[in-house]
Structures are given as C-alpha cells and as structure tokens.
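Here the structure comes first, spelled out in structure tokens, and everything after it is commentary.
Residue numbers (my numbering): 3 to 116.
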C-alpha cells in the first residue's frame, strides 16, 4: 500500500457525486417544467392578428380565433393564415421550451462527458 487511497482519486469522486446531485436536481426541475409548460398559453398569429392560434408550452393546440373580417378573403387565404398562425405558435412554443430547458441544465457538468 502506498497510501494513495487505494488508487481512488477522491477529488474526482466528489466531482462525480456533485454532478449526480445536480443531475437529480435537473430531473426534479424537469418534472416541474413539464407542468409549467402544460399550463402555458402561447399565442401565434398571422394576418396582423386576424388569425390567432394558441398552444401550450408542449405544443398542444388549445384554441384558435378567426376574425370575421378575414372570412371574405376566401378559403385558400384563410387556410394559409391558419397555417401561418400555427407555425408562429409552434416556433414560439418550441423556443420557450428550449430556453426553459437551457435554464434548467445550465451549470450541469458531468466529468468525462464533455
């Protein structure tokens, strides 16, 4: 025996233990984040607000609003405005989810995985 702790690097062990604790915190935070995302209401719109689509933070459609003013534009225009509003809501929703996940995982560093 050379007195080196049986070959274990205790500094690395502490680093790994801290990383596992942080990972557990992230897992708990992720559960809470999923609940928050489910409760969010994110608006996408098109046509200057004539068509609005609402999704939650998990991209689940909630409802839509179509102004009577746009209905006279014809089916193709209305369909295009609905699609554009859906894309807008989806992009905002995924961006929000990504930002929240980055906040949750910031500072997470697992030794040997970077």
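C-beta atoms are modelled at their ideal positions from N, C-alpha and C, and glycine is treated no differently.
Checklist entry - For the beta strand (DSSP E) that contains residue 65, what are its first and last residues? => result The count along the chain shown starts at 1 and reaches residue 65 at position 63. Here the beta strand (DSSP E) through residue 65 covers 63-68.
Next on the checklist: On a Cα-Cα basis, can you pick out the residue from 79, 61, 50 and 81 that is closest to residue 97?
Outcome noted: Within the chain shown, numbered from 1, the residue matching residue 97 stands at position 95. Closest by alpha carbon: 61.
Checklist entry - Does DSSP put residue 116 in a helix, in a strand, or in coil? => result In the chain shown, residue 116 corresponds to position 114, counting from 1. Since pLDDT at residue 116 reaches only 46, below the 50 mark, its modelled position is unreliable, and the value read off the structure follows with that caveat. Coil.
Checklist entry - For residue 91 versus residue 57, is the C-beta distance shorter than 8 Å? => result Here residue 91 refers to the residue found at position 89 when the chain shown is read from its first residue. Here residue 57 refers to the residue found at position 55 when the chain shown is read from its first residue. Yes; because the gap between Cβ atoms is below 8 Å, this pair is in contact.
Item to check | Span of the beta strand (DSSP E) around residue 48 | outcome: Here the question's residue 48 lines up with position 46 in the chain shown. Counting along the chain, the beta strand (DSSP E) containing residue 48 begins and ends at 44-48.
Next on the checklist: Are there any heavy atoms of the ligand MG lying less than 7 Å away from the beta-carbon of residue 105, as far as the coordinates show?
Outcome noted: Ligands are entirely absent from the displayed structure, and the ligand MG is therefore not among its contents.
Item to check | Whole-Å CB distance - residue 66 paired with residue 55, under 8 Å assumed | outcome: Taking the chain shown and counting its residues from 1, one reaches residue 66 at position 64. Taking the chain shown and counting its residues from 1, one reaches residue 55 at position 53. Confirmed, Cβ separation roughly 5 Å.
Checklist entry - Of the residues 16, 21, 72 and 43, which one's Cα is nearest the Cα of residue 99? => result In the chain shown, residue 99 corresponds to position 97, counting from 1. When only C-alpha atoms are compared, the closest one is 43.
Checklist entry - When we look at the beta-carbon of residue 108 and count the other beta-carbons within 10 Å, is it buried (16 or more) or exposed? => result Position 106 of the chain shown, counting from 1, holds the residue named residue 108. Per the 10 Å Cβ criterion, exposed.
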